[in-house]
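In our numbering, the protein residues as written are 122 to 576. Just below is one structure, and these are the notes that go with it.
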Amino acid sequence: MTRKAKKKLLVPVVSHPHPQGAVKSRQLPRLTGRPGERAGHSATTAHLQAAYPFMAESPLTSAGVLIGHDAYGASFVYDPWTLYEAGHVTGPNMVVVGIIGRGKSALLKSYLYRQRVFGREAWVVDPKGEFRALAEAFGCEPISLRPGGEMRLNPLTRRGGSHGQQSLLRSVAQAALARPLKPEEDAGLRVALARADRDALPAEPTLPDVVEALLRPDAEMARTLVTSEAELAAGCREAALALQRLCEGDLRGMFDGQTSSGIDLDAPCVVIDLSAVSDSQAMGILMTCATAWQRGIVLDRKRRSEQRGEIGAKQILLLDEAWRATSHVGITDYLQQSFKLSRDLGVQNVIVLHRLSDLAAAGAAGSRERTIAEGLLADAETKVVLAQTPDELEQIGQSLALTKPELELVPDLARGEALWQIGQRTFYVRHTLSRFEWPLIDTDARMRAGEKKAA
Numbered sequence: 122m123t124r125k126a127k128k129k130l131l132v133p134v135v136s137h138p139h140p141q142g143a144v145k146s147r148q149l150p151r152l153t154g155r156p157g158e159r160a161g162h163s164a165t166t167a168h169l170q171a172a173y174p175f176m177a178e179s180p181l182t183s184a185g186v187l188i189g190h191d192a193y194g195a196s197f198v199y200d201p202w203t204l205y206e207a208g209h210v211t212g213p214n215m216v217v218v219g220i221i222g223r224g225k226s227a228l229l230k231s232y233l234y235r236q237r238v239f240g241r242e243a244w245v246v247d248p249k250g251e252f253r254a255l256a257e258a259f260g261c262e263p264i265s266l267r268p269g270g271e272m273r274l275n276p277l278t279r280r281g282g283s284h285g286q287q288s289l290l291r292s293v294a295q296a297a298l299a300r301p302l303k304p305e306e307d308a309g310l311r312v313a314l315a316r317a318d319r320d321a322l323p324a325e326p327t328l329p330d331v332v333e334a335l336l337r338p339d340a341e342m343a344r345t346l347v348t349s350e351a352e353l354a355a356g357c358r359e360a361a362l363a364l365q366r367l368c369e370g371d372l373r374g375m376f377d378g379q380t381s382s383g384i385d386l387d388a389p390c391v392v393i394d395l396s397a398v399s400d401s402q403a404m405g406i407l408m409t410c411a412t413a414w415q416r417g418i419v420l421d422r423k424r425r426s427e428q429r430g431e432i433g434a435k436q437i438l439l440l441d442e443a444w445r446a447t448s449h450v451g452i453t454d455y456l457q458q459s460f461k462l463s464r465d466l467g468v469q470n471v472i473v474l475h476r477l478s479d480l481a482a483a484g485a486a487g488s489r490e491r492t493i494a495e496g497l498l499a500d501a502e503t504k505v506v507l508a509q510t511p512d513e514l515e516q517i518g519q520s521l522a523l524t525k526p527e528l529e530l531v532p533d534l535a536r537g538e539a540l541w542q543i544g545q546r547t548f549y550v551r552h553t554l555s556r557f558e559w560p561l562i563d564t565d566a567r568m569r570a571g572e573k574k575a576a
């Protein structure tokens, strides 16, 4: 990633409604009717607080990023690390849920943009290519990956440590096979990685190195597992062929070599653009490879900061369209591990879904895969719910334990409106944008341009 000329970040001070459409206003009930009608009831704010407790919440903090305004028009401010230090949450992770066209993208881009004022860094896995403008606003160039392209990332980088390498291999192999690994495959991956790591020195091991070791194991690998070379090759053949697709098949040229030179690993915004393969059935696997590379870099940067006696910058790792990853066997394991590491690394993981039921696609009811996927929600103490369809209400009510008044709001939330559940407290928030941010968040621009051209 090459650094462009650094641009000045403009901090919004005046709020405006979303450029794509005005936010619906909520009318208060009339207290008196037409002549002859019975007058409405009046109540104190104390009574209203009991009737609508979530609307009456006081802010958790005054330090952090301005998100918008609450039900009373007061500023709503959010920062996961400030909330953690104050004891309001036990972890920084976030899950954002909302149907298409209700403001998820605008919220996330403005959140990352505003966090830069506090020195936070943005790391984004971008399946649709919608975060390019954000990267450029930071003075950075997105990493655009495509089959057969010139830019590569090595998910098996040593920067993430041997445990991270093994975890990535296991997750990707399971996703490619669409089933859990057999014991012999799991063991085979372990010894194949050890051989690839040894043979690659001083360079880093790559996925093709591991595939070669699985297809043609040597005597030392077989001796380690107390088997023959032929039996080891036969037992790991399916896993090897599944991984080979990333090296020689339709997905080659993205994660099958050393990380390309010229990438700025210290950039304030790192966007991995996967839009060239947005229609691929293997998108979840590619997203996991990208996330693994990111995590390795973050671990290495934290290690270097500690060696210098410094406190490194906080990072926000955003996985857009995360439902495409959670639907794969094994990948939810990897995401769960990333969530567990967040506090130690000073990282906020943000996963973005269309609906909470997307997590159920990880497996059958009661299965380990589904339990782990739904556990991501429990490991995220910030949940942001934008508008959802009525058929999702039961799932939302069960998963988030919303009150009846809160739940009834969800289908009618206008563009830019959301319920923010932080720890045990819930807030109605209307997201606001400054005019400086419109070019960053206007994902409908291409659609409107197409309409004008057609006209």
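C-beta: ideal position from N, C-alpha, C; glycine also. None of the values given here were measured: they were computed from a predicted structure.
Query	Result
Validate contact between the stretch 349-360 and the stretch 331-338 using beta carbons, cut 8 Å, 3 pairs	yes
Other residues of its chain near LEU440: CB distance less than 6 Å, five sequence neighbours each side excluded	VAL246 and ILE472
Same chain, Cβ closer than 7 Å to ALA297, neighbours up to 5 away in sequence not counted	ALA363, LEU364, ARG366 and ILE406
Rounded C-alpha distance that separates ALA501 from THR547	14 Å
Distance between ARG319 and THR503 (C-alpha atoms, nearest Å)	42 Å
Three-state secondary structure (DSSP) of THR211	coil
Those runs of the alpha helix (DSSP H) which lie wholly inside the stretch 468-529 and span at least 4 residues	489-499 and 514-521
Span of the alpha helix (DSSP H), counted from its first residue to its last, around GLY356	350-356
Helix, strand or coil at HIS449 [DSSP, three-state]	coil
Inter-residue Cα distance where the pair is ILE188 and TRP202	15 Å
For ARG556, three-class secondary structure by DSSP	helix
Inter-residue CB distance, LEU528 and ILE543 (contact presumed, cutoff 8 Å)	So it is not a contact: roughly 17 Å between Cβ atoms.
Distance between beta carbons of VAL293 and LEU314, contact taken as under 8 Å	Actually they do not touch by this definition, with Cβ atoms about 12 Å apart.
Touching by the beta-carbon criterion (3+ pairs, under 8 Å), the stretch 229-245 and the stretch 524-540	no
Contained beta strand (DSSP E) runs [length at least 3] in the stretch 387-435, N- to C-terminal order	390-394
N- and C-terminal bounds of the beta strand (DSSP E) containing ASP191	186-191
Residue(s) in a DSSP beta bridge with PHE548	TRP541
Beta carbon of ASP377 nearer than 7 Å to that of SER265	no
Beta bridge counterpart(s) of TYR455 as assigned by DSSP	In the DSSP output, where bridge partners are listed per residue, TYR455 has none listed.
Contact belief for ASP479 with TRP444 at Cβ below 8 Å, rounded distance in angstroms	4 Å
Simplified DSSP state of ASP247, which is helix, strand or coil	strand
ASP512 to ALA494 span [Cα, whole Å]	20 Å
Reference MET404; option with closest CA among PRO268, LEU438, ALA485 and PRO329	PRO268
VAL293 - DSSP class collapsed to helix/strand/coil	helix
Alpha carbon of GLY161 to alpha carbon of VAL391, nearest angstrom	Only weak support is given to the placement of GLY161: the predicted model assigns it a pLDDT of 45, under 50, and the question is left unresolved by the model.
Beta-carbon proximity list for CYS579, same chain, < 8 Å, skipping 5 on both sides	Since the first residue of the chain shown is 122 and the last is 576, residue 579 is not available in this structure.
C-alpha distance - PHE460 paired with THR453, whole-angstrom precision	10 Å
Contacting residues, own chain, Cβ-Cβ under 7 Å from GLY282 (five flanking each side not counted)	LEU420
Per-residue DSSP class, three states only, for GLU359	helix
Segments assigned alpha helix (DSSP H), at least 4 residues, entirely inside the stretch 266-348	282-298, 304-321, 328-336 and 340-345
Cβ neighbours of VAL426 in the same chain (closer than 6 Å, five flanking residues each side left out)	For the record, residue 426 in the displayed sequence is Ser; it is not Val. Cβ within range, chain order: GLY433.
Beta strand (DSSP E) segment containing SER196, residue limits	196-199
C-beta contact flag for SER448 and LYS249 at 7 Å	no
Rounded straight-line distance, which links the Cα of ILE418 to that of SER196	35 Å
Host alpha helix (DSSP H) of ASP465 (start-end)	463-466
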